[in-house]
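Student: Protein chains in written order, with the working numbering: chain A, 1 to 293; chain B, 294 to 731. Ideal placement from N, C-alpha and C gives every residue a C-beta, glycine not left out. What you are looking at is a predicted structure, and each value in this text was computed from that prediction instead of being measured.
1) One question on the structure: do residue 697/B and residue 243/A come within less than 8 Å of each other, judged by their Cβ atoms?
2) If you run the structure through DSSP and keep just helix, strand and coil, what is residue 500/B?
3) What separation, rounded to the nearest whole angstrom, lies between the Cα atoms of residue 314/B and residue 614/B?
4) Which residue from 217/A, 81/A, 9/A, 182/A puts its Cα closest to that of residue 247/A?
5) Terminal residues of the continuous beta strand (DSSP E) containing residue 323/B?
6) Do residue 435/B and residue 604/B have their CB atoms nearer than 8 Å?
7) Apart from the five residues on each side of it in sequence, which residues of its chain come closer than 6 Å, Cβ to Cβ, to residue 437/B?
8) Just verifying my parser: in three-state terms, what is the DSSP assignment at residue 606/B?
9) Check whether the Cβ of residue 186/A sits closer than 7 Å to any heavy atom of the ligand ATP, and report yes or no.
10) So the candidates are 712/B, 690/B, 676/B, 699/B; which of them puts its Cα closest to the Cα of residue 421/B?
11) When the Cα atoms are used, what is the spatial distance from residue 35/A to residue 258/A?
12) Using a cut-off of 8 Å between C-beta atoms, extract the partners of residue 243/A located in chain B.
13) Rounded to a whole number of angstroms, what is the C-alpha to C-alpha distance between residue 713/B and residue 695/B?
14) Could you spell out where the alpha helix (DSSP H) holding residue 278/B opens and where it closes?
15) For residue 471/B, which residues in the same chain have their Cβ closer than 8 Å to its Cβ, ignoring the five residues on either side in sequence?
16) Below 8 Å on the Cβ atoms is my contact criterion, and I expect residue 448/B with residue 592/B to pass it. Report the Cβ-Cβ distance as a whole number of Å.
17) Assuming residue 644/B and residue 416/B make a contact with CB atoms under 8 Å, what is their CB distance in whole Å?
18) Quick one: residues in its chain with C-beta nearer than 8 Å to the C-beta of residue 395/B, no 5 flanking neighbours on either side, listed in chain order?
19) So, residue 269/A versus residue 281/A, is the Cβ gap smaller than 8 Å?
20) Excluding five sequence neighbours on each side, which residues of the same chain lie with their C-beta closer than 6 Å to the C-beta of residue 50/A?
21) Residue range of the beta strand (DSSP E) that residue 354/B falls in?
22) With a 10 Å radius around its C-beta and 16 neighbouring C-beta atoms as the bar for buried, classify residue 189/A as buried or exposed.
23) Could you give the residue range of the alpha helix (DSSP H) that holds residue 569/B?
24) Classify residue 382/B as buried or exposed, calling it buried when 16 or more other Cβ atoms lie within 10 Å of its own Cβ.
25) So if I threshold CB-CB distances at 9 Å, which residues from the region 539–563 of chain B count as touching chain A?
26) Give me the Cα-Cα distance between residue 479/B and residue 149/A, rounded to the nearest whole angstrom.
27) Is there a C-beta anywhere in chain B that falls below 8 Å from the one on residue 44/A?
28) Is residue 611/B closer than 8 Å to residue 378/B when the C-beta atoms are compared?
29) How is residue 359/B classed by DSSP in three states: helix, strand or coil?
30) Just how far apart, CA to CA, sit residue 321/A and residue 487/B?
31) Using a 10 Å radius around the Cβ and a threshold of 16 neighbouring Cβ atoms, would you call residue 630/B buried or exposed?
32) Starting from the N-terminal side, write out each stretch of the alpha helix (DSSP H) that is 4 residues or longer and does not extend beyond the region 3–32 of chain A.
33) Since residue 398/B sits in a beta bridge, which residues does DSSP pair it with?
34) Using Cβ-Cβ distances below 8 Å, what residues of the region 130–150 of chain A are close to chain B?
35) Could you tell me which residues DSSP puts in a beta bridge with residue 382/B?
36) Output yes or no for whether 8 Å exceeds the beta carbon distance between residue 679/B and residue 509/B.
Following this line, the structure appears as structure tokens:
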């Protein structure tokens, strides 16, 4: 006989969900609706002159070549961060999985960067690569390469990609490790008996079985690269040099809070929200089909 | 009967006690500012001195972050109807504050209503002119104003075989000095801070060239940028050439160059006069301060330079009694002693001639040669329509655009003409948007 716990009061489930709903309402629904409303206005920063302009803010945005550039920058950035962080995490997880002794130490050390705040991570890498006083920049100068991410856009992009991916490796690592440990050893041993080498075993057995984890991590990493990397960009390059590292979310901040153009900034937030929503829908619809559960 | 009497007596006593307590509590005045570190301490000292000098008002200072963040805090507070009495806003935010008529109370109104002796002529025109309307009405009180000057490393110049007491006065002379320094093995002959402020905004004023139409925006929000004129293009082109030849090393948009000069890495440095204190404290070499160089073939050069820094704006929505307190605080800040002390401790310019005279009398300029260059550079000639200052909307963003375009010139990707033309076009877009929003 099954033991089932049932609640007699009808209101109890709603009451239990209420705190989470309240948080979602206050921290997401309310600001999002404000952003939707403000994206239809051109207003003075103090709110003293408000003009309702329908979709003019959006029109101006898409006519602006720089905004479209930001799209490209963000695409490159998030693809690179997701690929780098997931690739390295998978590699490290596979390596750690094979260790019998001392595995715990490696796990702790590899998970540590996740606890570092994004801005601190950014400053850490900034110190290492600072053209005047950075350690790595110094060694590069010894080898003859003058690193200067203050002037060189590609170098700035590389720096923020590395800083952002470094933080996220730990997160992906934990999940990949868990995913690897969930794979029955019998499968791998059977393949080994059948004569499959380690690479073959990995690509034909381990990787497909990891696909639910990989899919989940892809979604999380893309959302991370779109939003949570604001702290890193702000601490390291502030979108420079010359907008080389100005991703969409950073542009929202710059136009809204530094430029005090609330209408354009709100319009950008709305567009960003639409992008991430559609990306998530796309990922769930199309990629999930290929995921083996 | 007696009970009633005792009760009434008690009530009267209590009432008097409460009333006198109310008289004891001073009116609080909120001051939101962007100063931290050493400057924050000096500001706190001024506030303490004011509070101790009288008992009617207490000024409470609150650090809100850097200039952008402080302006943001003020804007958000106004929208939430929790605005402070006094808000410190950087000079590029002047147009935003001026366009917000319902949000601010002009300083001249506050000072006149405050009852004290307010004489607009008691202020240095080139310093207050930035924050004054075209008909001379002061809208905000300049707090920390500086102007760019040239710092030079005397030891490095000597090493290059140049006379350390003869800094270059014109840009052609400057190039000769740079080449000599480079030949003597100095890898970084010249760097700068705040490139847009020094080499475009102040450059234009110093040469009496227009930065924007309508008297650099003083005449209305329908102004258009014009810093892509032949003189400015020539200057940026020259700097671009120097960058390519290694004579000019670009360090960053803000004051990253300061560290390079103070460490002795770079020999010549154009920066705010307020950097004097740091240079004096950190430089382990003999240094001098001189005027910004100019192009001798430009008509009207040298004119005067304009200020950078921040001013104190009074926000609307407070009671007359509180505004009286603000007026008293501003009177205190404008007094000769306070200004002279501020000027000498920080290197920022004094806002009144009286403070300047007092500093001369105190012998400060004799003991610290080069500290009067800034004020002389600003007051040498009466300002023209091109050198009163700038009043352009969204100017912080426009500066960002200028920074980007200049970086393209330094890295050799664009010619000076193309970069300045592009900056003007993009900047005009922002000006039109500002015009629309106000």
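Tutor: According to the structure data:
1) In terms of Cβ geometry, residue 697/B and residue 243/A form a close pair [threshold 8 Å].
2) coil
3) Confidence at residue 314/B is low in this model, with a pLDDT of 46, below 50, so its placement is unreliable and no value can be given for it.
4) Closest option to residue 247/A, Cα to Cα, is 81/A.
5) 320–326
6) yes
7) 602, 603, 641
8) strand
9) Here there are no bound small molecules, and the ligand ATP is not part of this structure.
10) Of the listed residues, the one whose Cα sits closest to residue 421/B is 676/B.
11) 17 Å
12) 697
13) 8 Å
14) A query on residue 278/B cannot be resolved here, the shown segment of chain B reaching from 294 to 731 and no further.
15) 482, 483, 535, 540, 541, 561
16) Beta-carbon to beta-carbon, residue 448/B and residue 592/B are separated by about 37 Å, too far to satisfy the 8 Å threshold.
17) 6 Å
18) 609
19) no
20) 41, 43
21) Taken as a continuous stretch (DSSP letters only), the beta strand (DSSP E) holding residue 354/B covers 350–356.
22) When all chains shown are included, residue 189/A counts as exposed.
23) 569–575
24) buried
25) 543, 544, 545, 546, 549, 552, 553, 556, 558
26) 23 Å
27) Yes - at least one Cβ of chain B is within 8 Å of the one on residue 44/A.
28) yes
29) coil
30) What is shown of chain A runs 1 to 293, which leaves residue 321/A out entirely.
31) Under this definition residue 630/B is an exposed residue.
32) 12–24
33) Bridge partners of residue 398/B: 607/B.
34) 132, 150
35) 604/B
36) In this structure, residue 679/B lies near residue 509/B, with their beta-carbon atoms less than 8 Å apart.
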